[in-house]
Amino acid sequence: MADMAKQIVETNGLPDGEVFKIVVSSCIASCASCQALLSSLLPYYFVWLHSLQSKFLFHHPCQVDDGVVLPDEASLYLTAIEDAEYKDDKIEFWNNVYGFDMSCIKKQAMMEPLVDTVDQKQIVTNCHLLKTMDISKMVLGDASFIAPFKLIAERDDYIHAFVAYFDVSFTKCHKLMGFSTGPRSRATHWKQTVLYLEDVLTICEGETIIGSMTVAPNKKNPRDVDIMVKYSLSGRRCVVSRVQFYKMR
């Protein structure tokens, strides 16, 4: 990859000597100095944040004073979707597996966020900005957070899951660049993170789901991420208040 990066530098006519050292977990400790740290975007946002911390990418001693971390800005968003067909197929399925009650597996399946591509037609609410981070200035612990959210229904529908996704920006480049992994954007390798709800919420246009999301590394295994979502809805057809826990592996 380093050779390919050098070739890209030459092809695009960048200044001589502008060499990028690709930093990965196996060689970050041996890197003497570099001008740019390129973080690896894992398939799901929550683990990506804590993977960065585990590799000590932030302010690592191998980075020169005027070096940059790319991408250098990231924003996490939350929305809500209708997903009855998929939830029935993958979650409710465990209630009756060829006549056997395997609902104990259903509970485990509910706790594990699903990484998949969501059709934008499934979106029921607005997209709420949970957190924006300057990755280049992050320190250990910054990837753990508690963020409130407010999701407003854009139509009458049912809600089966929350969906988290991220946008990233490369603001230190000569031209502003970035992309979104959201369901309303072109599908990417990173997809979205789906968190299924125990309750099916019946919501009417204009009604609001209020809640908060807490994200932190698992105490026993820091590579896993614990997610807690508190949410409540006081609508004409549905009144609910619940706390759900998820574990991203």
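Residue numbers (the UniProt record's numbering): 1 to 249.
For each residue, glycine too, the CB sits at the ideal point set by N, CA and C.
(1) How many angstroms separate the CA atom of alanine 153 from the CA atom of glycine 206?
(2) Exposed or buried, glutamate 18, counting other C-beta atoms within 10 Å across all chains shown (16 or more means buried)?
(3) How do the segment 181-193 and the segment 214-224 stand: do at least 3 beta-carbon pairs fall below 8 Å, yes or no?
(4) Just the Cα atoms here: how many angstroms apart are isoleucine 135 and phenylalanine 170?
(5) Please check the pair alanine 161 and isoleucine 81, which I expect to be a contact at CB under 8 Å, by giving their CB distance rounded to whole angstroms.
(6) So, are the CB atoms of histidine 75 and aspartate 167 less than 7 Å apart?
(7) Using DSSP with H/G/I as helix, E/B as strand and the rest coil, what is glutamate 198?
(8) Verify whether the separation of the beta carbon atoms of tyrosine 77 and tyrosine 196 is less than 7 Å.
(9) Our contact map puts glutamine 122 next to aspartate 88 with C-beta atoms below 8 Å; I'd like the distance itself, whole angstroms only.
(10) Nearest-angstrom Cα distance between glycine 184 and histidine 174?
(11) What is the DSSP secondary structure of threonine 11, counted as helix, strand or coil?
(12) Check residue 307 in the structure and name its three-state DSSP category.
(13) When you compare only the Cα positions, how much space is there between asparagine 126 and proline 217?
Taking the geometry as given:
(1) Numbered from 1 along the sequence shown, position 153 holds the residue referred to as residue 153. Numbered from 1 along the sequence shown, position 206 holds the residue referred to as residue 206. Taking the Cα positions, alanine 153 is about 5 Å away from glycine 206.
(2) The residue given as residue 18 occupies position 18 in the sequence shown. Bear in mind that a pLDDT of 49 at glutamate 18, under 50, signals an unreliable position, so the number given afterwards is only what the model happens to contain. Flag for glutamate 18 reads exposed.
(3) Contact fails between the segment 181-193 and the segment 214-224, because fewer than three Cβ pairs, one in each stretch, are under 8 Å apart.
(4) One-based indexing of the sequence shown puts residue 135 at position 135. One-based indexing of the sequence shown puts residue 170 at position 170. Straight-line Cα distance between these residues: approximately 10 Å.
(5) Numbered from 1 along the sequence shown, position 161 holds the residue referred to as residue 161. Numbered from 1 along the sequence shown, position 81 holds the residue referred to as residue 81. Their Cβ separation, rounded to whole angstroms, is 6 Å, which keeps alanine 161 and isoleucine 81 in contact under 8 Å.
(6) Residue 75 sits at position 75 when you count from the first residue of the sequence shown. Residue 167 sits at position 167 when you count from the first residue of the sequence shown. Checking the displayed sequence, the identity of residue 75 turns out to be serine instead of histidine. Yes, the Cβ-Cβ distance between serine 75 and aspartate 167 is below 7 Å.
(7) Locating residue 198 in the sequence shown gives position 198, counting from the first residue. Collapsing the DSSP output to three states places glutamate 198 in a strand.
(8) Here the question's residue 77 lines up with position 77 in the sequence shown. Here the question's residue 196 lines up with position 196 in the sequence shown. Going by beta carbons, tyrosine 77 and tyrosine 196 fall outside the 7 Å limit.
(9) As a first step, residue 122 is located in the sequence shown; it is residue number 122 there, counting from the start. As a first step, residue 88 is located in the sequence shown; it is residue number 88 there, counting from the start. Actually they do not touch by this definition, with Cβ atoms about 14 Å apart.
(10) Position 184 of the sequence shown holds residue 184. Position 174 of the sequence shown holds residue 174. Residue 184 is actually arginine in this sequence, not glycine. Straight-line spacing of the CA atoms in arginine 184 and histidine 174 works out to 27 Å.
(11) Position 11 of the sequence shown, counted from the first residue, corresponds to residue 11. In the structure shown, threonine 11 sits in a helix (DSSP, three-state: H, G or I).
(12) Absent from the structure is residue 307, since the part of the chain shown begins at 1 and ends at 249.
(13) On the sequence shown, residue 126 is found 126 positions in, with the first residue counted as 1. On the sequence shown, residue 217 is found 217 positions in, with the first residue counted as 1. Taking the Cα positions, asparagine 126 is about 28 Å away from proline 217.
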